[in-house]
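In full-length UniProt numbering, the protein residues as written are 1 to 158.
The beta carbon of each residue, even a glycine, is placed where N, CA and C say it ideally should be.
To keep things clear, I will list the structure first and then write my remarks on it.
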Amino acid sequence: MSNNYVINEIDRRLAVLLAAGTVEEVRHTPPARARVRIGDWVSAWLPWTSLAAGQVRKWRPPSKGEQVLMLSPSGLPEGAFILPGFNTNQHAQPDQRPHATVEQMPDGAKVEYDWQAHQYLVEAPPNGRIVLRVGATELELRSDGVTLRTPKFEGVQA
């Protein structure tokens with residue numbers, strides 16, 4: 001094996017160790033995977049990182065066009081995984097307050113906690129609804145009214 005080959009192989013692996021790209025396609029069925037576009041090249045189906053994947057799990061698949069970082073251990077793209085979540089002009093940050101956590105959905109729904117104001121806000125679009133469910137009891141909030149379904153109602157108490 002020539003020194004040139006070894007140097008070229010090391011250079012190639014370093015070049016793909018960390019690479020910024022955009023999500024080209026997403027497969028939501030198990031095992032969930034996405035393809036990443038970097039220039040003209042499109043990856044194989046790769047897993048993405050999650051905020052939680054143990055006993056507590058969170059599902060938030062990347063979106064087509066979302067900017068990601070492809071991490072390739074040992075510089076081998078076939079073993080790579082995706083780190084999503086970089087804001088861009090196309091996918092701007094939903095807020096700028098340092099004391100708030102905000103999730104903005106594409107239909108306008110929003111979940112927000114502002115720890116300075118001590119306020120938790122759950123907002124649905126005008127045609128949406130918010131449902132709280134505990135066992136057989138369900139509270140549904142809509143723009144045209146509120147519905148409470150429960151096997152036992154103990155009345156309004158002060």
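Distance between residue j and residue i (C-alpha atoms, nearest Å)
| i | j | result |
| --- | --- | --- |
| glutamate 9 | isoleucine 38 | 19 Å |
| serine 143 | glycine 128 | 8 Å |
| alanine 117 | leucine 141 | 23 Å |
| arginine 133 | phenylalanine 153 | 15 Å |
| arginine 97 | threonine 22 | 27 Å |
| serine 50 | glycine 155 | 43 Å |
| alanine 92 | leucine 76 | 31 Å |
| threonine 137 | glutamate 103 | 26 Å |
| glycine 54 | arginine 60 | 15 Å |
| valine 122 | glutamate 24 | 31 Å |
| asparagine 87 | proline 106 | 14 Å |
| glutamate 66 | arginine 27 | 14 Å |
| proline 126 | alanine 158 | 31 Å |
| valine 36 | arginine 12 | 18 Å |
| residue 183 | tyrosine 5 | In the structure displayed, the chain extends from 1 to 158; residue 183 sits before or after that span and is not available. |
| proline 151 | glycine 135 | 10 Å |
N-terminal and C-terminal residue of the beta strand (DSSP E) that residue i is part of
| i | result |
| --- | --- |
| aspartate 114 | 110 to 114 |
| valine 102 | 100 to 104 |
| phenylalanine 153 | Premise fails: phenylalanine 153 is in no beta strand (DSSP E) and is neither H nor E. |
| leucine 83 | 81 to 86 |
| valine 134 | 129 to 134 |
| threonine 49 | It is not in any beta strand (DSSP E) - threonine 49 carries neither H nor E in the DSSP assignment. |
| leucine 121 | 119 to 123 |
| valine 68 | 67 to 71 |
| arginine 57 | Element bounds for arginine 57: n/a, residue is neither H nor E. |
Residue i and residue j closer than 8 Å at C-beta
| i | j | result |
| --- | --- | --- |
| alanine 100 | alanine 124 | no |
Report task. Would you mind listing the alpha helix (DSSP H) stretches within the segment 8 to 44 that are 4+ residues and don't spill past its ends, in chain order? Result -> Within the segment 8 to 44, no complete alpha helix (DSSP H) run reaches 4 residues.
Query raised in the report: Per the contact definition of three or more C-beta pairs closer than 8 Å, is the segment 12 to 21 in contact with the segment 65 to 76?
Result: Judged by Cβ distances under 8 Å, the segment 65 to 76 makes contact with the segment 12 to 21, as three or more pairs qualify.
Query raised in the report: Should the segment 27 to 46 be called in touch with the segment 81 to 89, which here means at least 3 C-beta pairs below 8 Å?
Result: Touching, per the Cβ criterion.
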